[in-house]
Amino acid sequence: MKKILLKDYAEHFVDIYNDLQKKFPKSVLEQAFVCKFFANEYIVRFDEDMPYLFFIIDGRAKIYRVHENGKRTLIQFLKKDDFIGELSLIEVEKDLKDVVAINDCTCLAIPLSSSKELLLNSNLFLYDLSKYLGDKLLKRTNHYTAMQDYEFKNRLAEYILQLENDGCFGEKHTETAEYLGVSYRHLMHTFNQFQQDGLLKKEGRQYFILNKGELEKLSSNRMNEM
Numbered sequence: 000m001k002k003i004l005l006k007d008y009a010e011h012f013v014d015i016y017n018d019l020q021k022k023f024p025k026s027v028l029e030q031a032f033v034c035k036f037f038a039n040e041y042i043v044r045f046d047e048d049m050p051y052l053f054f055i056i057d058g059r060a061k062i063y064r065v066h067e068n069g070k071r072t073l074i075q076f077l078k079k080d081d082f083i084g085e086l087s088l089i090e091v092e093k094d095l096k097d098v099v100a101i102n103d104c105t106c107l108a109i110p111l112s113s114s115k116e117l118l119l120n121s122n123l124f125l126y127d128l129s130k131y132l133g134d135k136l137l138k139r140t141n142h143y144t145a146m147q148d149y150e151f152k153n154r155l156a157e158y159i160l161q162l163e164n165d166g167c168f169g170e171k172h173t174e175t176a177e178y179l180g181v182s183y184r185h186l187m188h189t190f191n192q193f194q195q196d197g198l199l200k201k202e203g204r205q206y207f208i209l210n211k212g213e214l215e216k217l218s219s220n221r222m223n224e225m
């Protein structure tokens, strides 16, 4: 993780800083800083303390629930303008989850030790957070509804586009099958079909996207994001 003082970041990204001022109290931003995480780097680990509330300025990440037996389950994707740790902030979640950057991520990091009370007493922030949580709930519901309403090829295309990094998709097959609610056999059959159709090319354990436009067309049959 690379830390950048917010005032130094603001000098180069004025528009982004102005947007942050609309979401967070000035007294909170004075204590915050910007941090950058590289692809596949942990932003949060389930077994470590979480001293910050993160807000994604740029990039994508994924959330895993870690079970008692050590197994991890992918449960959600994060992108620009998403929070990390908002449920811990309002004390409705005690068990942390793993959060891993998909590509290079830029986040605003707000120290909770000094800012928690300021955030929870800010009508501006709480209003924005309540809208965010409502939207998050709808997206989670839409994901499970789509498991029944859309063909698997459409859901796989969306999943690949969510997780590709510089045109490369390298997620585990077992994890992909579990998240999308299909058998391993069905997953591999569809991957093979995508290769035959010229959408993907497999090299080792990774797939390289050959025709992103066609994947986007398949994905566009989904009316709602995951």
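First residue of the sequence shown: 0, per numbering that gives the first Met the number 0; consecutive thereafter. Yeah, the Cβ is synthetic: ideal placement off N, Cα and C, and Gly gets one too.
ask   = Is the distance from the Cβ of Gln30 to the Cβ of Ile109 below 8 Å?
value = yes
request  = Check whether the Cβ atoms of Ile55 and Asp97 lie closer than 8 Å to each other.
outcome  = no
query = When you compare only the Cα positions, how much space is there between Leu117 and Lys201?
reply = 50 Å
key: Stretch-stretch touch, CB-based, cutoff 8 Å, three pairs: the region 143 to 162 with the region 200 to 217   = yes
task = Give the secondary structure of Asp14 by DSSP, where H, G and I count as helix, E and B as strand, and everything else as coil.
result = helix
inquiry  = Check whether the region 85 to 99 and the region 56 to 63 touch, using three or more Cβ-Cβ pairs below 8 Å as the test.
reply    = yes
task = Assess, as a yes-or-no matter, whether the region 170 to 190 is touched by the region 64 to 74 under the definition of 3 or more beta carbon pairs within less than 8 Å.
result = yes
ask   = If you follow the alpha helix (DSSP H) that Tyr183 is part of, which residue opens it and which one closes it?
value = 183 to 195
query = In three-state DSSP terms, what is Asn223?
reply = Note that Asn223 has pLDDT 40, beneath the 50 cutoff, so the model's placement of it is unreliable and the number below is only indicative. Correct three-state label for Asn223: coil.
inquiry  = Could you check whether Leu198 and Leu214 sit closer than 8 Å to each other, using their CB atoms as the reference points?
reply    = yes
ask   = Between which two residues does the beta strand (DSSP E) harbouring Glu85 extend?
value = Unbroken run through Glu85 is the alpha helix (DSSP H), 85 to 88; no beta strand (DSSP E).
ask   = Are there 16 or more other CB atoms within 10 angstroms of the CB of Met222, so buried, or fewer, so exposed?
value = Because Met222 sits at a pLDDT of 38, beneath the cut-off of 50, its placement in the model cannot be relied upon, and the following sentence gives the value as read from the coordinates. Flag for Met222 reads exposed.
query = Who are Tyr149's beta bridge partners in DSSP?
reply = None, per the DSSP bridge assignment.
ask   = What did DSSP end up calling Asn210 once you bin it into helix, strand or coil?
value = coil
query = If you count every other CB in all the chains shown that lies within 10 Å of the CB of Gly169, and 16 or more means buried, which is it?
reply = exposed
request  = Give me the Cβ distance between Phe23 and Lys2, rounded to the nearest whole Å; I'm assuming they're in contact under 8 Å.
outcome  = About 18 Å separates the two Cβ atoms, so there is no contact after all.
message = I'd like the ranges of any beta strand (DSSP E) spanning at least 3 consecutive residues and lying wholly in the region 56 to 139.
response = 60 to 65, 71 to 77, 97 to 100, 104 to 110
ask   = Helix or strand or just coil, what does DSSP make of Leu28?
value = helix
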